[in-house]
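Each protein sequence line maps, in turn, to chains A and B. Here the first sequence is numbered in my numbering, starting from 110 and rising by one per residue. Here the second sequence is numbered in my numbering, starting from 39 and rising by one per residue. In this text, a Cβ means the ideal position worked out from N, Cα and C, and glycines have one as well. The structure displayed is predicted, hence computed values, not measured ones.
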Amino acid sequence: MKNFEYAQPTTEDEAVALLTEPKKDTAVLAGGTDLVGLMKRMVVTADRVVNISEIKSLQQVERDDNGSVWIGAAVCLGDFLDNRHTDQYPSTKQVIQGISSIQLQSQGTLVGELLRRPNCWYFREGHGLLADSGRMVNEGDNRYHAILGNRGPARFVNASRLAPSLITLGAQVRIIGPEKDEEQILELADLYRTPAADSELENVLQPGQFVTHVIIPTHGDRLTAAYEVRQGEGPDQPLAAAAVSIDVVAGTVQNASIVLGQVAPTPWIAREAAQLLCGKEVTEESAAMVGHQAVSGAMPLSQNEYKIQLAQVAVKRAVLKAAGYDTGGLDTPMPLEPTVSPSLETHIA
Amino acid sequence: MGASQSDARDVATCLNLIPDSYTFIPVDLGNCCAHLFHRLEPDGFIMSQQSSQGVSRRGFLKGSGAAVAVSTVVSSTEAEAAAPGLQVVSGETSITLKVNGKSMTAKVEPRTTLLDVLRYQFDLTGAKPVSLGGSSGASTVLIGGKAVMASTTLALAVAGKEVTTCESLGGDAVPAAFVEHDAQQCGFCTPGFVVAVRAFLNKYPNATEEQIRAGLNGNICRCGTYANILQAVVSLVKGNSNG
């Protein structure tokens with residue numbers, strides 16, 4: 110690890126002042142589950158690391174007068190799960206329960222998860238986000254790379270597992286800096302971007318800025334769910350994921366929001382698929398049709414065509430799960446005792 | 039001590055880790071500060087600065103910007119002195135950690151991880167350095183009762199906090215259950231598992247088998263002893279011998 114200066118501010122103003130010292134490459138530290146590993150690999154070589162986890166105002170989960178819940182940047186995943194204010198966001202909780210590792214839940218923060226750097230192995234081995242304008246990804250092993258939004262040089266997939274569900278909930282982020290007292294509220298969906306040049310990040314944060322809170326509006330009667338297709342259990346990156354939020358009145362979907370994860374350099378908002386669901390009942394058929402629509406623009410690379418099917422199924426199962434159907438898969442506990450099907454019993458008899 | 043001083047300098051220079059004004063002092067790996075340089079550990083060298091004067095913050099910043107400043111440089115301006123939250127730590131500094139109930143002092147740089155301090159300064163070698171990014175869970179310790187990976191925690195960030203390592207769990211029910219259920223093969227992952235199980239059961243004393251599998255999936259065992267570890271944890275839940 111390259112050595113660096115370390116600061117532990119106690120207020121937001123101090124943090125901004127520390128992050129904006131001229132000519133310094135700064136990094137914001139909260140849980141450290143991503144940043145410290147990247148610094149050890151010299152992928153991140155900051156001159157100064159500012160630890161924001163001791164700032165009191167960032168350690169709270171609070172509900173404001175409108176019913177929106179504010180989650181500070183130092184709040185860890187486990188505290189989000191355990192907080193009663195967050196019970197109204199089952200899809201986000203489902204994803205955190207899927208991450209499940211007790212260490213990540215008590216060390217990793219919600220905001221840190223949203224800003225996790227891509228897991229693209231070319232990036233993590235120091236070849237940059239674009240890995241030679243996409244050439245290395247195209248010619249190399251690209252089984253986990255993007256199938257959507259990959260027509261520019263960026264081929265990595267956004268690493269956040271929580272972003273899809275939070276975007277379907279209409280979450281926003283509060284960003285402060287780089288000037289003192291400068292603050293803005295941004296739609297979470299607009300925090301992400303697809304970099305077009307090596308100098309750009311996968312988010313719109315400028316040097317000296319950082320996210321202090323995620324703000325999740327009250328969700329009313331919407332039904333929400335998230336579904337991840339995973340290779341195995343736990344902290345590993347899913348292969349494809351989808352989150353859904355729907356408004357159902359008298360059996361018919363009035364309003365829908367569908368966001369895919371792990372398929373594009375940003376969380377992928379499937380507007381047309383969501384539109385397609387409106388005015389319909391949620392059935393196996395309509396859900397499958399929506400899944401099909403969500404990946405209709407996919408352009409697979411040489412080794413990741415399989416992800417189209419997985420993404421399609423993720424959307425279908427997320428829609429069904431939101432509507433209360435049991436979809437099977439990893440999220441549903443398997444019965445511990447094998448059961449004999451009725452038809453087989455008849456046959457044996 | 040196999041390698042020569044010049045070998046170590048060559049290695050470090052290649053890695054762009056140090057400026058020319060530093061000399062190498064070979065030290066015994068057993069009780070040294072070699073943790074400051076992961077990449078030099080195998081040869082057991084540390085670096086010390088030739089001048090005993092230390093460096094001023096300004097001089098350090100204006101200089102090469104290279105890896106090490108040995109002196110502590112804190113809050114050089116009056117404004118910073120007025121606000122402790124604006125203090126910037128650069129180079130080596132002393133911190134106090136409460137480890138397993140004892141107050142212990144360590145010399146750390148900003149980049150020194152908690153794992154480095156535990157293993158190479160406090161000689162608490164239960165937590166293991168396995169993965170750079172903490173994906174193995176082998177370095178799990180408790181900070182304020184919460185399971186965290188010491189390998190991805192900076193020592194400065196936990197100064198003054200309560201750290202519990204597996205060494206303090208000797209009389210605990212968890213290692214006893216591991217022994218009873220033969221829940222280790224090579225044993226390298228075991229300390230991380232033991233601490234993770236302790237934290238997990240503190241939070242979910244009545245966990246189901248499925249919850250146990252999920253909650254412990256931040257730990258990896260390359261021998262694949264999972265079945266026996268699971269049995270050990272299930273026995274703790276069932277036996278209620280959990281305290």
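Quiz prompt | Segments assigned alpha helix (DSSP H), at least 4 residues, entirely inside the region 211-250 of chain B | solution = 211-218, 228-241
Practice problem: Could you tell me whether the Cβ of G146(A) comes closer than 8 Å to any Cβ of chain B? | Solution: yes
Practice problem: Under 7 Å Cβ to Cβ from H328(A), same chain only, skipping five residues before and after it: list those, please. | Solution: Q197, Y198, L278
Practice problem: Just the C-alpha distance for Q384(A) and G249(A), rounded to the nearest angstrom, thanks. | Solution: 36 Å
Self-check item: C-alpha distance - A245(B) paired with A306(A), whole-angstrom precision
Solution: 48 Å
Exercise. For N267(A), collect the residues of the same chain with a Cβ closer than 8 Å to its Cβ; drop the 5 residues on either side in sequence, then sort them by chain order.
Key: P227, Y301, E311, G370, Q371, A373, P374, T375, P376
Practice problem: Mind checking who I285(A) pairs with in its DSSP beta bridge? | Solution: E292(A), F319(A)
Self-check item: Helix, strand or coil at C185(A) [DSSP, three-state]
Solution: strand
Quiz item: Ends of the alpha helix (DSSP H) at E147(B)?
Solution: Unbroken run through E147(B): none, as it is neither H nor E.
Practice problem: Spell out whether any CB of chain B is found under 8 Å from the CB atom of T119(A). | Solution: yes
Quiz item: Got a sec: is the Cβ-Cβ distance from S174(B) to anything in chain A below 8 Å?
Solution: no
Quiz item: Quick one, which residues of the region 136-156 of chain B are near chain A if we go by CB-CB under 8 Å, in chain order?
Solution: E147, P148, R149, T151
Quiz item: Is the CB of S128(B) under 8 Å away from at least one CB in chain A?
Solution: yes
Quiz item: If you scan the region 220-305 of chain A from start to end, which runs of the alpha helix (DSSP H) of 4 or more residues do you find wholly inside it?
Solution: 244-248, 272-277, 297-300
Self-check item: Three-state class that DSSP yields for M187(B) in the structure shown
Solution: strand
Practice problem: Could you pull out every residue in the same chain whose Cβ sits closer than 8 Å to the Cβ of N251(A), ignoring the five residues on either side in sequence? | Solution: R264, L410, S411, Q412, N413
Quiz prompt | Cβ shell of Q346(A) (< 6 Å), same chain only, five flanking positions each side left out | solution = N228
Exercise. List the endpoints of the continuous alpha helix (DSSP H) containing L147(A).
Key: 144-149
Quiz item: Which residues mark the beginning and the end of the beta strand (DSSP E) in which Y115(A) is found?
Solution: 114-116
Exercise. To the nearest angstrom, report how far apart V358(A) and S395(A) are at their CA atoms.
Key: 16 Å
Quiz item: Buried or exposed: which applies to K184(B), given that a residue is buried once 16 or more other Cβ atoms fall within 10 Å of its Cβ?
Solution: buried
Self-check item: Test item: CB-CB of S210(A) and G256(B) under 8 Å
Solution: yes
Quiz item: CB-CB under 6 Å to A240(A), same chain, minus the five flanking residues each way: which ones, in chain order?
Solution: Y231, V246
Exercise. Using only alpha-carbon positions, find the residue among P167(B), N240(B), T263(B), E248(B) that is nearest to M187(B).
Key: P167(B)
Quiz prompt | Pair within 8 Å by beta-carbon distance, P229(B) and G164(B) | solution = yes
Exercise. Anything in chain A within Cβ reach of G164(B), meaning under 8 Å, just list it in chain order.
Key: The premise fails here: G164(B) is roughly 15 Å from chain A at the closest Cβ pair, so nothing lies under 8 Å.
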